[in-house]
Amino acid sequence: MEILDGNHRKWFSGQPMPKKLAGHCAIRDWDTIYVIGSPAAPSNGTSVVPGSLEVFLFNITTSTWHTLPSSTNGNISGPVARRDFACSLSPDRSQIFVSGGKKDSGTSVTDFFAFYLQSETWWQLPSSLEPRSGHVMTLYQNYTTIIGGVNADNETLGSMESFVKGSWVKLNEILTKRKNFRVTQVPNNFFPQNH
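Every number in this note's numbering is 637 more than the matching position in the sequence shown, counting from 1.
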């Protein structure tokens, strides 16, 4: 793990992660960073090891890693190992959502999961999403929202959908279709009035 010291604008090495990952996403919540990912194959380090996504916690204050013993509820299994998926903290900060991605076979998936932080369990949630990978997930107007990506036919998407009361609602498309990008939110009062 490498850490950027913002005060001195220098990189330094931190504690290594518990496992090498072939694909992951990271979410910060106060002094905790959650990393969700697929273990990498030891042969080349870029292929995904078959199995499930794993969840790691990094405590910023103590600079220590913990592997969360994520389990599944009932007969529901956790998300299969994948790359190019998206994740986001839920609006109430009690869950981490994971959507889409590609299996190592190249097959895109449509599933949508929640990892409940208190119980450390996975739940599969309703999904009417088309298969997609290389998209982003963020909070937009306090709703979990996915943007862009690539569909199963390798077409770049411009769609935007929010998870509202248990189902996905289509929003306006973004101006330029895109994949493998990141987003951040800027308060509206920073923009000129005529935008």
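Where is the CB? At the ideal position from N, CA and C, for every residue including glycine. As the structure is a prediction and not an experimental result, all values here were calculated from the model.
{"Query": "According to DSSP, E810 sits in a beta bridge with which residue or residues?", "Result": "For E810, which the question treats as bridged, DSSP gives no partner whatsoever."}
{"Query": "Consult DSSP for N712 and reduce its assignment to one of helix, strand or coil.", "Result": "Because N712 sits at a pLDDT of 49, beneath the cut-off of 50, its placement in the model cannot be relied upon, and the following sentence gives the value as read from the coordinates. In this structure, N712 counts as coil in the three-state DSSP scheme."}
{"Query": "Whole angstroms are fine: how far does the CA of N644 sit from the CA of C781?", "Result": "Note that residue 781 is Thr in the sequence shown here, rather than Cys. Spanning the two alpha carbons is a distance of roughly 32 Å."}
{"Query": "Name the DSSP bridge partner or partners of F695?", "Result": "I670, W702"}
{"Query": "On the three-pair Cβ rule with 8 Å, is the segment 720–729 touching the segment 767–782?", "Result": "yes"}
{"Query": "Give the secondary structure of N825 by DSSP, where H, G and I count as helix, E and B as strand, and everything else as coil.", "Result": "helix"}
{"Query": "Indicate the three-state DSSP secondary structure (helix, strand or coil) for S680 in the structure shown.", "Result": "coil"}
{"Query": "For the putative contact between D741 and V685, defined by C-beta atoms under 8 Å, what is the C-beta separation to the nearest angstrom?", "Result": "4 Å"}
{"Query": "Return the Cβ separation of T669 and L694 in integer angstroms, given the expectation that the two are a contact with Cβ distance under 8 Å.", "Result": "6 Å"}
{"Query": "Near T747, what residues of its chain come up, given a Cβ to Cβ distance below 8 Å and the 5 sequence neighbours on each side ignored?", "Result": "G737, S764, L766, E767, P768, R769"}
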